[in-house]
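A short write-up of the structure that comes next.
Residue numbers (this note's numbering): 1 to 127.
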């Protein structure tokens with residue numbers, strides 16, 4: 001665990017034990033996991049975990065990885081649908097806000113046709 005102390009020494013950054021976690025493989029036994037936890041003070045987590053708004057996972061891509069994006073978009077669309085916006089107003093709002101939400105996720109994961117179709121249906125209902 002010297003590398004954690006070296007990182008802190010060289011960078012001047014401190015670790016927040018509330019925000020830091022570690023992941024171990026299935027083959028690592030409970031005693032080893034507890035030892036790591038005692039030494040570094042971080043809590044163990046299991047995949048998938050969220051990092052920078054994107055889920056980190058192992059294995060085949062699943063559609064559930066996009067659920068957070070759909071929830072955010074549905075929430076925004078629901079709030080805006082009660083507003084009296086012209087078609088042009090809706091288009092400007094969509095292009096400036098909603099279009100940017102999934103960009104990071106789509107850059108890290110390839111969305112399936114099903115995901116793209118679902119998003120397109122949500123957008124079409126808004127217009």
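Ideal Cβ placement from N, Cα and C applies to all residues, glycine included. Note that the structure is a prediction, hence the values are computed from the model and not measured.
Please classify residue 103 as buried or exposed, where buried requires at least 16 neighbouring CB atoms within 10 angstroms. Mapped onto the chain shown, residue 103 falls at position 103. Flag for residue 103 reads exposed.
Length-filtered (3 minimum) beta strand (DSSP E) runs lying within the stretch 9 to 94: 21 to 23, 43 to 45, 49 to 51, 54 to 56
Could you pull the start and end residues of the alpha helix (DSSP H) that residue 117 belongs to? Position 117 of the chain shown, counted from the start, is the residue given in the question as residue 117. Run containing residue 117: 113 to 126, per the alpha helix (DSSP H) assignment.
Pull up the distance between the alpha-carbon of residue 47 and that of residue 11, whole angstroms please. Here residue 47 is taken as the residue at index 47 of the chain shown, counted from 1. Here residue 11 is taken as the residue at index 11 of the chain shown, counted from 1. Going from the Cα of residue 47 to the Cα of residue 11 covers about 28 Å.
Need the endpoints of the alpha helix (DSSP H) that residue 99 sits in, please. Here residue 99 refers to the residue found at position 99 of the chain shown. Taken as a continuous stretch (DSSP letters only), residue 99 belongs to no alpha helix (DSSP H), as it is neither H nor E.
Helix, strand or coil, according to DSSP, for residue 109 in the structure here? Taking the chain shown and counting its residues from 1, one reaches residue 109 at position 109. In the structure shown, residue 109 sits in coil (DSSP, three-state: anything other than H, G, I, E or B).
Sequence-distant residues of the same chain with beta carbon closer than 6 Å to residue 54, five excluded per side: Here residue 54 refers to the residue found at position 54 when the chain shown is read from its first residue. Answer for residue 54: 105, 108, listed in chain order.
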